[in-house]
Amino acid sequence: MDPLSDVVAAMRVGDPHAARVVHRAPFGVRFPPVDAAGFHVVLEGACWFYPAAGDPIALRPGDIVFLSGGHPHALADDPATPLGSAATSLRGVEPTAVNRTPGPLGGVVLLCGAYLLDRSRTHPMFADLPETIHLPAPTTRHTPTGTLVDLLDIELGREQPGRDAMLRALLDALLLNILRSWLDERADSGGAGGWAAALRDPAVAAALRAIHRRPGHGWTVAALADQVGLARATFARRFTTLVGRTPIAYLTWWRMTLAARQLRDTDEPLAAIARNIGYANGFAFAHAFKNEFGCPPGKFRKEHQESRGDQSKRWNSIEPSRE
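Okay, so the sequence shown: first residue is 1 according to full-length UniProt numbering, each after it adds one.
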């Protein structure tokens, strides 16, 4: 896959969730911190968004707010409305929890979604993201992002064969489009740095694509430099400046990330996983893995597969309180 797709796949755990939610004025809704990225889209009406830090933001129909790290935040119909205390329930973000009630005067109809994240292995691109990304309606109207919101709203309002798969696909596509919008905005504003700049630098982006498409290849700095048409020293310096790691350090980090995901999600033999990511034997792989994670791959697999069935419990703190 390409780097952006890989980043999302590496960070996300389980299936995303979404719901259409109606709040009638007066309302104050407080969201506690969670291990999830999430979004709110205003479908009808208006409300105020309170980030963990900074000034409140007035939201209008079509506005999207994306929270990259599950930071605490709140929504209210008016700055004067008191906020309720946090609650813990998944009801408001389950795909089946659909409320088709028309938006009330003085209230708001929201499309809300959440993506569980693996915080033990935060990709550097996610670390670069601001806590809150606000996409005003004019930037999403008549765009793929706006179309995806419309399709999600339609899909949530009907019971059709394949609905769960459709919701997963639409939510993944919306997340990628939100991230694309942020990358584009950073580039257009001239403030691009870090991964926003790395993915737009022709040479560094080409090297990242090569690593992500063939992680098991025997890459060296010289081979990557040849691949992108730069002198070795020039390439290494540019890559390290933009990505924050040397080419080989990032290659190793990504290989170990892939290995951890395969250990967690599959029953692939350790020797096969080692070969997939470029290690000739299981001993070398186990040594590198232990250096990265602090435990052998076999122990890592046992611990994470035992906890796989508990993922649903992690949704329990995502439902907002209501007042």
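Ideal Cβ placement from N, Cα and C applies to all residues, glycine included.
Take the Cβ of residue i as the centre, count every other Cβ of all protein chains shown within 10 Å, and call the residue buried at 16 or more, exposed below.
{"i": "Phe283", "result": "exposed"}
{"i": "Asp2", "result": "exposed"}
{"i": "Val7", "result": "buried"}
{"i": "Ala18", "result": "buried"}
{"i": "Thr220", "result": "exposed"}
{"i": "Asp77", "result": "buried"}
{"i": "Asn177", "result": "buried"}
{"i": "Thr140", "result": "buried"}
{"i": "Ile64", "result": "buried"}
{"i": "Pro247", "result": "buried"}
{"i": "Leu213", "result": "Checking the displayed sequence, the identity of residue 213 turns out to be Arg instead of Leu. Arg213 should be labelled exposed."}
{"i": "His142", "result": "exposed"}
{"i": "Ile154", "result": "exposed"}
{"i": "Arg255", "result": "buried"}
{"i": "Cys295", "result": "exposed"}
{"i": "Arg20", "result": "buried"}
{"i": "Gly218", "result": "exposed"}
{"i": "Pro16", "result": "buried"}
{"i": "Gly162", "result": "exposed"}
{"i": "Ser181", "result": "buried"}
{"i": "Ala197", "result": "buried"}
{"i": "Ser5", "result": "exposed"}
{"i": "Arg238", "result": "buried"}
{"i": "Ala271", "result": "exposed"}
{"i": "Ala10", "result": "buried"}
{"i": "Ala280", "result": "exposed"}
{"i": "Arg186", "result": "buried"}
{"i": "Gly45", "result": "buried"}
{"i": "Gly216", "result": "exposed"}
{"i": "Gly38", "result": "buried"}
Which class does residue i belong to by DSSP, given the choice of helix, strand or coil?
{"i": "Val8", "result": "helix"}
{"i": "Gly282", "result": "helix"}
{"i": "Trp182", "result": "helix"}
{"i": "Ala110", "result": "Checking the displayed sequence, the identity of residue 110 turns out to be Leu instead of Ala. Leu110 falls in the strand class under three-state DSSP."}
{"i": "Ile274", "result": "The displayed chain sequence assigns Ala, not Ile, to residue 274. DSSP places Ala274 in helix when its eight states are reduced to three."}
{"i": "Ala233", "result": "helix"}
{"i": "Ala80", "result": "coil"}
{"i": "His287", "result": "helix"}
{"i": "His304", "result": "helix"}
{"i": "Pro3", "result": "helix"}
{"i": "residue 333", "result": "Absent from the model: residue 333. The displayed extent of the chain is 1 to 323, so no value can be given."}
{"i": "Thr139", "result": "helix"}
{"i": "Pro161", "result": "coil"}
{"i": "Thr145", "result": "helix"}
{"i": "Gly92", "result": "Here the model assigns Gly92 a pLDDT of 38, short of 50, so the residue's position is not dependable, and the following value carries that caveat. Gly92 falls in the helix class under three-state DSSP."}
{"i": "Asp267", "result": "coil"}
{"i": "Asp150", "result": "helix"}
{"i": "Pro102", "result": "No answer about Pro102 holds up, because its pLDDT of 44 lies below 50 and its placement is not dependable."}
So who's on the other strand from residue i, going by DSSP bridges?
{"i": "Cys295", "result": "Looking at the DSSP assignment, Cys295 forms no beta bridge with any residue, so it has no partner."}
{"i": "Ile133", "result": "Phe66"}
{"i": "Tyr115", "result": "Ala37"}
{"i": "Ala197", "result": "DSSP, once it has assigned bridges, lists no residue as partnering Ala197."}
{"i": "residue 334", "result": "Outside the modelled stretch of the chain, which goes from 1 to 323, sits residue 334, for which no answer is possible."}
{"i": "Ile123", "result": "Here residue 123 is His; the residue named in the question, Ile, does not match the sequence. Paired residue(s): none; His123 is not in a bridge."}
{"i": "Leu75", "result": "Val29 and Phe49"}
Any heavy atom of the ligand FMN closer than 7 angstroms to the beta-carbon of residue i?
{"i": "Ala196", "result": "The ligand FMN is not part of the structure shown, which contains no ligands of any sort."}
The segment 286 to 300 touching the segment 223 to 232, judged by at least three CB pairs closer than 8 angstroms: no
Meets three-Cβ-pair contact criterion under 8 angstroms: the segment 292 to 307 and the segment 250 to 264: yes
Secondary structure, beta strand (DSSP E): runs of 3+ residues fully inside the segment 7 to 70: 17 to 23, 28 to 31, 36 to 45, 47 to 50, 57 to 59 and 64 to 67
Segment contact, 8 angstroms Cβ cut-off, at least three pairs: the segment 69 to 79 with the segment 35 to 55: yes
Touching by the beta-carbon criterion (3+ pairs, under 8 angstroms), the segment 143 to 158 and the segment 268 to 284: no
Inside the segment 200 to 264 only - alpha helix (DSSP H) runs reaching at least 4 residues: 202 to 213, 221 to 228 and 232 to 243
Cβ contact check for the segment 23 to 31 and the segment 161 to 179: 3 or more pairs under 8 angstroms: no
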